[in-house]
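Undergrad:
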Amino acid sequence: MKVAFATVDGIRVNAHFGQSPMFAIYKVTKGGGELIGLRKLPTILNQDEAGRIESRLEVVEDCTLIFIMQIGASAAARVTRRKIMPVKVPPGSPIDEQVKRIVEMLQGKPPMWLAKVLHAENEAEGASVDGSHS
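Start counting the sequence shown at 1; every next residue gets the next number (our numbering).
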């Protein structure tokens, strides 16, 4: 699965969703996590809140989880409607530690919220291709 981290420096989760200048995107599996890239947002002067939220949603739309310091209620609602789970973490949390935690959760018994997200992701990826629903 792909995981986004709201970041200013690419090293720590240190940005609010609506003000994040970029998102570090990682591919995370039971085997580990790897940085796919840093997706920077263009600076648009005088962009309203709805525009800021929408531009960030477009950047992370292929992600399953998004780690942020903070997210407003309206942005959180829009993120979850896109089937992306926002995860608030303490400001300055190192991204590599968060990736390691996700890998450990995937290797063990994932918490209920992560199990639901993974189940939804599997359904979306075509669990119906072979007609079975496990």
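Glycine is no exception: its CB is placed at the ideal position from the N, C-alpha and C atoms.
These numbers were taken from a predicted model, which means no experiment stands behind them.
Specify the secondary structure class of Met112 as computed by DSSP and reduced to three states.
TA: Here the question's residue 112 lines up with position 112 in the sequence shown. Met112: helix per DSSP, three-state reduction.
Undergrad: Just confirm the distance between the C-beta atoms of Ile84 and Val99, as a whole number of angstroms; I'd bet it's less than 8 Å.
TA: Position 84 of the sequence shown, counting from 1, holds the residue named residue 84. Position 99 of the sequence shown, counting from 1, holds the residue named residue 99. About 17 Å; that fails the 8 Å criterion.
Undergrad: Is the beta carbon of Met69 less than 8 Å from the beta carbon of Lys88?
TA: For the purposes of this step, residue 69 is taken as residue 69 along the sequence shown, with counting starting at 1. For the purposes of this step, residue 88 is taken as residue 88 along the sequence shown, with counting starting at 1. Yes, the Cβ-Cβ distance between Met69 and Lys88 is below 8 Å.
Undergrad: Alpha carbon to alpha carbon, what distance is there between Leu65 and Ala76?
TA: The sequence position of residue 76 within the sequence shown is 76, counting from 1. The sequence position of residue 65 within the sequence shown is 65, counting from 1. Computed Cα separation, rounded: 12 Å.
Undergrad: Closest Cβ-Cβ distance between Thr29 and chain D: below 8 Å?
TA: Going by chain labels, chain D is absent from the structure shown, which holds only one protein chain.
Undergrad: I'd like the list of long-range same chain contacts for Arg12, defined as Cβ closer than 7 Å, with 5 residues on each side in sequence excluded.
TA: Taking the sequence shown and counting its residues from 1, one reaches residue 12 at position 12. Excluding sequence neighbours, Arg12 sits near Gly92, Ser93, Pro94, Ile95.
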